[in-house]
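Structure, as structure tokens:
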Amino acid sequence: QSPGRTVLVFPGQGTQWAGMGRELLDASPVFAARIRECAAALAPFIDFDPIEVLRSGAALERVEVIQPVSWAVMVSLAELWRSLGVEPDDVVGHSQGEIAAAAVSGALSLEDAARVVALRAQVIGRELAGLGGMASVSLPRTEVETRLVGWEGRLDVAAVNGPSSTVVAGDADAVVEFVAACRAEKVRARQVPVDYASHSAHVERIEAELLDVLSPITPRASKVPFYSTVDAAVADT
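According to this note's numbering, the sequence shown holds residues 263 to 499 in order.
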């Protein structure tokens, strides 16, 4: 039986925990070296030390800290797997995980990916933090869309995580109301621990600024197929 294909999947924000990567910094020279390279790539854009954050677990609640640090961990874990002979046939990322996937695939240089993750997170933190929220609902997308009637213009379907797992995002008070309404009908729903509304109409407010601060990046042809989570096709970079 021939071996299957190897796919590296990079998660979005919310998978972090205090102490992540700490042991590998000391146990794996490959991981530690790649973290240092990521930290150097991030240095022109941030005012903190990613390695110190990993060791201390401090400030992980701040989007402008956790997203660059998570990106560095994901890119470094991919390098560790490669050092052990695990080469990805394909890569895919969810939400901010797409930035790590782009770096690992070669679609973005390490420096360009660092620019994207750091400056994007800073714009989110400055312009969107505190204004929105997100919630995970254990229902198919079609059912969630039906339930969103009454919250038009305040909530959007943000992500489809699975056949019966959908994320909504939008105004902070609307998220609270929607979760309460779901629970009142015995539908499992929980707020995601973020204070902004990713993948919703909220992010349209920062489109122009993001295009400006990210204009220096130069996408490249990927060496590893990089799949889009929007259309399930290989992304044309």
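Virtual Cβ for every residue (Gly too), placed ideally from N, Cα, C. In this text the structure is predicted, and so the values were computed from the model without any measurement.
Selection Val465, Gln329 and Pro481 evaluated against Gly394 yields Val465 as nearest (Cα-Cα). Leu473 is positioned such that its CB atom lies no closer than 8 angstroms to that of Val378.
When DSSP states are grouped into helix, strand and coil, Arg452 belongs to the strand group. Taking the C-beta atoms as reference points, Ala436 is found no nearer than 8 angstroms to Met396. Using a C-beta cut-off of 8 angstroms, the segment 346-354 makes no contact with the segment 321-337, since fewer than three inter-stretch Cβ pairs fall below that distance. Cβ-Cβ separation between Leu370 and Ala364: approximately 4 angstroms, consistent with a contact (criterion under 8 angstroms). Across the structure, Cys444 and Arg450 are spaced so that their CA atoms are roughly 7 angstroms apart. Among the bridge pairs identified by DSSP, Ser332 is matched with none. Around the beta carbon of Leu346, fewer than 16 other beta carbons sit within 10 angstroms, so the residue counts as exposed. In this structure, DSSP gives Phe310 a state outside helix and strand, which the three-state scheme calls coil. Nearest to Pro402 by alpha-carbon distance, out of Thr428, Ser318, Ala302 and Ser490, is Thr428.
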